[in-house]
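>
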Amino acid sequence: MEGKARLEQRLDETVRELSAQRRRFQEEEDRFRETTNDLKRQADSAKKQMEDEKAQADKLRLELISLREELKVKTMQIDELSKKLQESLTPSKNDNPIVLANKKAREFEVKYEEAKIEIESLTTNLIKAKEHADQYYKMSQSAETEIKNLHDLHTEYIEKPKPN
1 MEGKARLEQR LDETVRELSA QRRRFQEEED RFRETTNDLK RQADSAKKQM EDEKAQADKL
61 RLELISLREE LKVKTMQIDE LSKKLQESLT PSKNDNPIVL ANKKAREFEV KYEEAKIEIE
121 SLTTNLIKAK EHADQYYKMS QSAETEIKNL HDLHTEYIEK PKPN
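Each residue of the sequence shown is one higher than the last, beginning at 1 in UniProt numbering.
The structure is reproduced here in C-alpha cells:
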C-alpha cells in the first residue's frame with residue numbers, strides 16, 4: 001500500500017509538473033507569436049517608410065531635373081540678351097546712335113539683372129532640392145539597413161532551437 005501511495009504521489013507530482021511545463025510552453029509560444037507579429041509590423045512599417053522616402057526622392061529628382069532645364073533656358077536667355085546688347089551698341093545710321101545705344105543698354109541691363117536674379121534663385125532651389133534628395137537617399141538607406149537587421153533578427157529567432 002505504501003508503495004502504491006508513493007507511486008500515486010509521484011504521478012500527481014508528475015502531472016502537476018507536466019501542467020506547469022505546458023503553461024510555460026504556452027506562454028513561451030504566445031510571447032514568440034507576439035514578438036513575430038511585432039517584428040512583422042516593424043518590417044512592414046519600415047518598408048512603407050522606405051517606399052515613401054523613395055517616392056519623395058524620385059519626386060525631388062524630377063524637380064531637380066526640371067530646375068536644371070529651367071536654369072539652362074535662363075542661361076540661354078542671358079546669352080541672347082548679352083548678344084542683343086552688343087548689337088544694340090552698334091550705331092544706327094537713321095537715329096541718334098548714342099541715345100539709342102544708351103536706351104538699349106539700359107533695357108538689356110534691366111533684363112540681364114532680372115535674369116541674373118532668376119538664375120540665383122533657381123540655383124538656390126537646385127541646391128536645396130539636391131540636399132533634400134541626398135537626405136531622403138540617406139534616410140532610405142537607413143530604413144533599408146533597419147529592415148535587413150529586423151529580417152536577420154527574425155530569421156535568427158526562428159532558427160533558434162526551442163527548449164524542450
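Backbone N, C-alpha and C fix where the C-beta goes; we use that ideal spot for every residue, glycine too.
Taking all protein chains shown into account, do 16 or more other C-beta atoms lie within 10 angstroms of the C-beta of Ser19, making it buried, or fewer, making it exposed?
By 1-based counting over the sequence shown, the position of residue 19 is 19. Result: exposed.
> Give every residue of the same chain whose Cβ lies closer than 7 Å to the Cβ of residue 175, excluding the five residues on either side of it in the sequence, and list them in chain order.
Residue 175 cannot be examined here, being either before or after the span of the chain that is shown, 1 to 164.
> Quick one: measure Cβ to Cβ for Ala105 and Leu89, integer angstroms, because I've assumed they're closer than 8 Å.
Numbered from 1 along the sequence shown, position 105 holds the residue referred to as residue 105. Numbered from 1 along the sequence shown, position 89 holds the residue referred to as residue 89. 7 Å between Cβ atoms; contact.
> To the nearest whole angstrom, what separates the beta carbons of Leu64 and Leu122, a pair I think is in contact under 8 Å?
Position 64 of the sequence shown, counted from the start, is the residue given in the question as residue 64. Position 122 of the sequence shown, counted from the start, is the residue given in the question as residue 122. Their Cβ separation, rounded to whole angstroms, is 11 Å, which puts Leu64 and Leu122 out of contact at 8 Å.
> Helix or strand or just coil, what does DSSP make of Asn96?
In the sequence shown, the residue the question calls residue 96 occupies position 96. Note: Asn96 maps to coil in three-state DSSP.
> Using 9 Å as the threshold, is the C-beta distance between Leu71 and Ile119 below it?
Mapped onto the sequence shown, residue 71 falls at position 71. Mapped onto the sequence shown, residue 119 falls at position 119. Yes, Cβ-Cβ distance for Leu71 and Ile119 is below 9 Å.
> Spell out a yes or no on whether the segment 142-151 and the segment 37-53 are touching, meaning 3 or more CB-CB pairs, one atom from each, closer than 8 Å.
Because the criterion of three Cβ pairs below 8 Å is met, the segment 142-151 and the segment 37-53 touch.
> Going by beta-carbon coordinates alone, are Ala143 and Ala55 separated by less than 9 Å?
For the purposes of this step, residue 143 is taken as the residue at position 143 of the sequence shown. For the purposes of this step, residue 55 is taken as the residue at position 55 of the sequence shown. Cβ atoms of Ala143 and Ala55: not closer than 9 Å.
> Determine the direct distance from the alpha carbon of Arg23 to that of Thr35, and round the result to whole angstroms.
Counting from 1 along the sequence shown, the entry for residue 35 is found at position 35. Counting from 1 along the sequence shown, the entry for residue 23 is found at position 23. The straight-line gap from Cα to Cα measures roughly 18 Å.
> Quick one, are the C-beta atoms of Tyr112 and Ser66 less than 9 Å apart?
By 1-based counting over the sequence shown, the position of residue 112 is 112. By 1-based counting over the sequence shown, the position of residue 66 is 66. In this structure, Ser66 does not lie closer than 9 Å to Tyr112 by Cβ.
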